[in-house]
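So the sequences go chain by chain: A and B. Residue numbers for the first sequence follow numbering that gives the first Met the number 0, so the first one is 0 and each next one is one higher. Residue numbers for the second sequence follow numbering that gives the first Met the number 0, so the first one is 0 and each next one is one higher. Just so you know, even glycine gets a beta-carbon here, dropped at the ideal spot from N, CA and C. Please read all numbers here as calculations on a predicted model, not as lab measurements.
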Amino acid sequence: MKIFPFDLPSNEDVIIVNASIEGKFKFRLALDTAATHTTIDSNVLYFSGYELKNSKGEKEVETSNGIIVVETFDIDQLECLGIKKINFEVQVYDFLGHGITSDYDGVIGLNFLCENKFCIDMLKGEISIDI
Amino acid sequence: MDNTYIAFDELKKLYPDEWVLLADPEMKNTSVLGGVVLYHSKDKKEVCYIGRDKTADYSTVTIAFAGDIKQHRKIGILKRL
Numbered sequence: 000m001k002i003f004p005f006d007l008p009s010n011e012d013v014i015i016v017n018a019s020i021e022g023k024f025k026f027r028l029a030l031d032t033a034a035t036h037t038t039i040d041s042n043v044l045y046f047s048g049y050e051l052k053n054s055k056g057e058k059e060v061e062t063s064n065g066i067i068v069v070e071t072f073d074i075d076q077l078e079c080l081g082i083k084k085i086n087f088e089v090q091v092y093d094f095l096g097h098g099i100t101s102d103y104d105g106v107i108g109l110n111f112l113c114e115n116k117f118c119i120d121m122l123k124g125e126i127s128i129d130i
Numbered sequence: 000m001d002n003t004y005i006a007f008d009e010l011k012k013l014y015p016d017e018w019v020l021l022a023d024p025e026m027k028n029t030s031v032l033g034g035v036v037l038y039h040s041k042d043k044k045e046v047c048y049i050g051r052d053k054t055a056d057y058s059t060v061t062i063a064f065a066g067d068i069k070q071h072r073k074i075g076i077l078k079r080l
């Protein structure tokens, strides 16, 4: 089992976790157990060496601000919370282009975590994952 | 830009409220403690697009904000339709 500590300075904050693409490009995602799919910012995807024209296609996604259209990509290697996924499909959206500037770059959703047992301990500020 | 390691507190003084592309970042949990500055700008998109070509010689890179973000909208993905 691996333990990942997190901070929640206020009740307006979200749980942030580290992630990496190809083991090189480090970024931060919000852990979102209400999200069915993992979604990352298109600018970060481009930064990580992917060409945005190589999208697999579009999907409609329901968000708290209404329905948006995202692109889908297969990431060669996405790592987060000690879990490494190969050829993992992510949703990609231009958050910056839509006026959403944040200190994290997307959300890690249930499709990333669905093969693992994990526990979010809000009292200790820890995420434990059986790997 | 040279290969000098700069601590994050110093980055906030040098590049206040800018997005900074860092190579070989030192991290503690999800916080960036410092790194080698490869590029910086007020515009995160610019850092992503111009910075991409500056990372080839490094094994790890990240982008950090040297300030406190005033966040009005949160990313909220619910489900695929």
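For chain A, check one thing: does any of its Cβ atoms lie closer than 7 Å to the Cβ of Ile-68(B)?
Position 69 of the second sequence, counted from the start, is the residue given in the question as residue 68(B). So yes, Ile-68(B) belongs to the interface.
Starting from Asn-2(B), find everything on chain A with Cβ-Cβ shorter than 7 Å and list it in chain order.
Within the second sequence, residue 2(B) is the residue found at index 3, counting from 1. Against chain A, a Cβ distance below 7 Å from Asn-2(B) picks out nothing, because the smallest value is about 17 Å.
Drop a sphere of 10 angstroms on the beta-carbon of His-97(A), count the other beta-carbons inside from all chains shown, and report buried for 16 or more, exposed for fewer.
Walking along the first sequence from the start, residue 97(A) turns up at place 98. Under this definition His-97(A) is an exposed residue.
Can you give the Cα-Cα distance for Asp-8(B) and Leu-32(B), rounded to whole angstroms?
The sequence position of residue 8(B) within the second sequence is 9, counting from 1. The sequence position of residue 32(B) within the second sequence is 33, counting from 1. About 8 Å.
Shorter than 7 Å from the beta carbon of Gly-75(B) to some beta carbon of chain A?
Walking along the second sequence from the start, residue 75(B) turns up at place 76. Yes, Gly-75(B) counts as interfacial toward chain A.
Does DSSP put Ser-41(A) in a helix, in a strand, or in coil?
Looking up residue 41(A) in the first sequence gives position 42. In the three-state scheme derived from DSSP, where H, G and I count as helix and E and B as strand, Ser-41(A) is classed as helix.
Give every residue of the same chain whose Cβ lies closer than 8 Å to the Cβ of Lys-116(A), excluding the five residues on either side of it in the sequence, and list them in chain order.
Here residue 116(A) refers to the residue found at position 117 of the first sequence. Cβ within range, chain order: Ile-128 and Asp-129.
Select from the segment 1-24 of chain B all residues with a C-beta closer than 7 Å to any C-beta belonging to chain A, and list them in chain order.
If the cut-off is 7 Å between Cβ atoms, the segment 1-24 of chain B has Pro-24 near chain A.
Rounded C-beta distance between Leu-37(B) and Lys-53(B)? I'm assuming under 8 Å.
Residue 37(B) sits at position 38 when you count from the first residue of the second sequence. Residue 53(B) sits at position 54 when you count from the first residue of the second sequence. Yes, Leu-37(B) and Lys-53(B) are in contact; Cβ-Cβ is about 4 Å, under 8 Å.
8 Å contact criterion, which Thr-61(B) and Phe-26(A) should meet: CB distance rounded
Indexing the second sequence from 1 puts residue 61(B) at position 62. Indexing the first sequence from 1 puts residue 26(A) at position 27. Contact between Thr-61(B) and Phe-26(A) is confirmed by a C-beta separation of about 6 Å, below the 8 Å threshold.
Ignoring anything shorter than 3 residues or poking outside the segment 4-72 of chain B, list the beta strand (DSSP E) runs there in chain order.
Those beta strand (DSSP E) runs which fall completely within the segment 4-72 of chain B and span 3+ residues are 4-6, 18-27, 30-40 and 60-64.
For Tyr-48(B), I'd like the list of residues in its chain whose CB is within less than 8 Å of its CB, leaving aside the five on either flank, ordered along the chain.
Position 49 of the second sequence, counting from 1, holds the residue named residue 48(B). Result list for Tyr-48(B): empty, nothing under 8 Å.
Pairing CB atoms from the segment 50-69 of chain A with CB atoms from the segment 105-122 of chain A, are three or more of them under 8 Å?
These segments do not touch.
Since I believe Leu-77(A) is in contact with Ala-18(A) (beta carbons under 8 Å), could you give me their beta-carbon distance rounded to a whole number of angstroms?
The count along the first sequence starts at 1 and reaches residue 18(A) at position 19. The count along the first sequence starts at 1 and reaches residue 77(A) at position 78. Indeed they touch by this definition, with Cβ atoms about 7 Å apart.
Where do the N-terminal and C-terminal ends of the beta strand (DSSP E) with Asn-86(A) fall, by residue?
Here residue 86(A) corresponds to residue number 87 of the first sequence, with the count starting at 1. DSSP places Asn-86(A) inside the beta strand (DSSP E), whose first and last residues are 82-92.
Mind checking who Thr-71(A) pairs with in its DSSP beta bridge?
Walking along the first sequence from the start, residue 71(A) turns up at place 72. Paired residues: Gly-56(A) and Gln-90(A).
For Asp-93(A), which residues in the same chain have their Cβ closer than 8 Å to its Cβ, ignoring the five residues on either side in sequence?
Translated into positions along the first sequence, residue 93(A) becomes position 94. Cβ within range, chain order: Asp-40, Ser-41 and Asn-42.
Supposed close pair Ala-22(B), Tyr-57(B) - CB separation, criterion 8 Å:
The sequence position of residue 22(B) within the second sequence is 23, counting from 1. The sequence position of residue 57(B) within the second sequence is 58, counting from 1. Contact flag correct, Cβ pair sits at about 4 Å.
Does the beta carbon of Lys-27(B) sit closer than 7 Å to a beta carbon anywhere in chain A?
Start at 1 with the first residue of the second sequence, and residue 27(B) comes out as number 28. So no, Lys-27(B) is outside the interface.
Run the CB neighbour count on Glu-57(A), radius 10 Å, all protein chains shown included, and call it buried at 16 or more, exposed below.
For the purposes of this step, residue 57(A) is identified with residue 58 of the first sequence, where counting begins at 1. It is exposed - the Cβ of Glu-57(A) has fewer than 16 other Cβ atoms within 10 Å.
Check each candidate in Lys-1(A), Ile-119(A), Ala-29(A) and Ala-34(A) and name the one with the smallest Cα separation from Glu-11(A).
Counting from 1 along the first sequence, the entry for residue 11(A) is found at position 12. Nearest C-alpha to Glu-11(A) among Lys-1(A), Ile-119(A), Ala-29(A) and Ala-34(A): Ala-29(A).
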